[in-house]
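Everything on this sheet refers to the single structure shown next.
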Amino acid sequence: MKKYPLILVTVFIGLIGYGQNLYEAYQLSSSELKGTARYTAMSGAFGALGGDISALKDNPAGSSIFLNNYLSGTLNAEFYKNNVGFNNYYNSSSEDDLDISQLGAVFVFNNYNSEATINKFALGLTYDKQKSLDDYYNWQGITNNSISNFFVNQANGIPLDLLVPIANESIYDLYQFLGEADFSGNNNYTNNQAQNAYLGYETFLVNSTDNTDFSNTEYVSNVQGNSFNQQYDYLTTGFNGKVSGNASLAINNKLHLGLNLNGHIINYEKNTIFYENAPASSNVNETYYENNVLTLGAGFSFDLGAIYKISDLVRLGVSYHSPQWYTIHDETTQYLETYGEQNGTVVFDPRVINIYPEYNYKTPSRLDGSLALVFGKSGIISFEYSHKDYSQIEYDSNNSYYNFNALNNAIDNTFTSSSTYKIGGEYRFKAWSFRGGYRLVESPYKNDKIASDLTGYSAGLGYSFGNINLGLSYYYSEQDSQQQFQQTSFNTPASIERKLSNVAATFSINL
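Each residue of the sequence shown is one higher than the one before, counting from 1 in the UniProt record's numbering.
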């Protein structure tokens, strides 16, 4: 066991599912509209066009459309607003993020032999921030459901003997033991449930129905009342990034074929805080409960693509994007504090980092088809269609103590295929380019009340100084969803209206 100052590391070996839920299964499988200012201004409708660094992630054949070596970088500012409604209480919260969303280079090797079949070969190296995982919302109001009921549900079925320290065993030792013990042969509770139960029991939120019977498995709440003033904070930070190596070639100046080999990174941190104020007559009057989850992962995928120039006017594109195969692990910490007249302030800070075994996570594959009309140097109209079946998300592990059957079945029963429609246009006037686009992403849920379709609109402009180009874009999207308050006793989800504004500025240069 590796020790840190005042912090212990617990390696979980039992059946767990703390960091994995349906919402996050979708979050890690989906992507946002990010890229160069030209790409985002046209809502990403570049599958049959190429000739833009960000277009390579949609169709790897696009690099051999470039005429010269090309470099680009993009600074991106995002502004989120969440309007939250729960039990007739409403609140708004906002968050912003500034980062580099795209960096890349393409190197073009022309074959000047007019009789050659292969006219051009291109190599590219790109970085794309596929999705920002930053999010924040806050809710506060009055309900008739105490957080203590969550801890009662977690405790029921667990013998009291497991929640009482033995001689010379500290509460921190017992908390760590509950994380390391092998409960795999027990179908009633997991390591995480046992730790939650112990948190609630040690801070007097939960009482055993018989404190003299150490085999007792029934518990009751120690919080009385039917009106509770509560606040819930949900904060996530992180990103899903991708580094790609690209190669493509042009055949007879008509057919372009390409390949991407991609390395993926997930860095995701979630913090939830729940505060409750109970009536003065309750044994426990105040509760503060905090959970932190860190998810780290690395993965691999590949893309195949083709662009065919039917004529100078018409281009067709098709691409296949393999599943992304990840290896992921989660780390968690918890904190619980209560106050009551009888016991005063009780703090349970385990000072333990719970480290879960690695597991595997696979996203769905994606198929794209696209059509573009190129009006010489005057302008472009482009359309792109994508299909992705989110019911193909899958978790698995070589660790025999994991059991993802329930989660995978829930994924299969909850998600369905989703289509994305993107249309974009560009009009050029002298050194100026004027751009616009529209994007529609269908809900990935069988029940579209869980998440509605996402609609987005974009606009932008560019200016060319010859070999140097500057671009600026604005993108706006809206989506309604329902989200559970995690690690609480609430079965009713909150309604969230999420609005996103995105501003991108790109500097690019022809070499």
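For every residue, glycine included, the Cβ atom is placed at its ideal position computed from N, Cα and C.
- Between isoleucine 53 and glycine 104, the CB-CB gap stays under 8 Å.
- In terms of CA proximity to asparagine 398, Asn360 leads the group Asp480, Asn360, Glu276, Leu205.
- Here glutamate 269 is bridged, per DSSP, to Thr237, Leu294.
- With contacts defined as CB atoms closer than 8 Å, glycine 456 and tyrosine 474 fail to qualify as a contacting pair.
- With a beta-carbon spacing of about 6 Å, leucine 133 and asparagine 240 fall inside the 8 Å limit used to define contacts.
- Cβ neighbours of isoleucine 265 within its own chain (closer than 7 Å, five residues either side excluded): Gly241, Ala298.
- Secondary structure at lysine 57: helix, using DSSP grouped into helix, strand and coil.
- Rounded to whole angstroms, the separation of the alpha carbons of glutamine 324 and asparagine 413 is 21 Å.
- Only buried fits serine 418, as 16 or more other CB atoms lie within 10 angstroms of its CB.
- With 16 or more other Cβ atoms inside 10 Å of its own Cβ, valine 152 counts as buried.
- Spatial neighbours of aspartate 99 in its own chain (CB-CB distance under 7 Å, excluding positions within 5 residues in sequence) are listed in chain order as Asn76, Lys129.
- When only Cα atoms are considered, lysine 131 and serine 31 end up about 5 Å apart.
- Sorting Asn149, Val164, Leu199, Tyr268 by C-alpha distance to the C-alpha of glycine 225 places Asn149 at the top.
- In the pairwise beta carbon analysis, the segment 48-66 is classified as touching the segment 311-322: at least three pairs are separated by under 8 Å.
- Counting along the chain, no beta strand (DSSP E) covers leucine 407; the unbroken alpha helix (DSSP H) around it starts and ends at 405-414.
- Rounded to the nearest whole angstrom, the C-alpha separation of alanine 494 and glutamine 482 is 5 Å.
- Counting the other Cβ atoms within 10 Å of the Cβ of isoleucine 423 gives 16 or more, which makes it buried.
- Sequence-distant partners of lysine 120 (beyond 5 residues in either direction) whose C-beta falls short of 6 Å from its own C-beta, in its chain, are Ser64, Asn110, Ala250.
- Per DSSP, reduced to three states, the secondary structure at serine 64 is helical.
- DSSP places glutamate 384 in the uninterrupted beta strand (DSSP E) bounded by 379-389.
- Distance from the Cα of asparagine 196 is smallest, within the candidate group Ser489, Asn510, Phe214, for Ser489.
- Assignment of beta-bridge partners to isoleucine 142 by DSSP yields Asn229.
- The continuous stretches of alpha helix (DSSP H) do not include valine 284, and DSSP gives it neither H nor E.
- Rounded to whole angstroms, the separation of the alpha carbons of serine 101 and lysine 449 is 31 Å.
- CA-CA distance, tyrosine 23 to tyrosine 234, rounds to 13 Å.
- Within the same chain, and ignoring the five residues on either side of alanine 55 in sequence, the residues whose Cβ sits closer than 7 Å to its Cβ are Tyr39, Phe46, Leu49, Gly62.
- Within the segment 159-221, the runs of beta strand (DSSP E) at least 3 residues long that lie entirely inside it are, in chain order, 206-208, 219-221.
- Secondary structure note for phenylalanine 109: its beta strand (DSSP E) is the uninterrupted segment 89-110.
- Of Asn260, Ile310, Asn222, the smallest CA-CA separation from proline 279 is found for Asn222.
- It is roughly 6 Å from the alpha-carbon of isoleucine 381 to the alpha-carbon of alanine 372.
- With a threshold of 16 other beta carbon atoms within 10 Å, tyrosine 219 meets it and is buried.
- The continuous alpha helix (DSSP H) containing alanine 41 extends over residues 37-41.
- Here glycine 369 is actually not in contact with arginine 428; their C-beta atoms are around 26 Å apart, not less than 8 Å.
- In this structure, the alpha-carbon of valine 441 lies about 20 Å from that of arginine 435.
- DSSP places glutamate 24 inside the alpha helix (DSSP H), whose first and last residues are 22-27.
- Annotated three-state conformation of glutamine 486 is coil, per DSSP.
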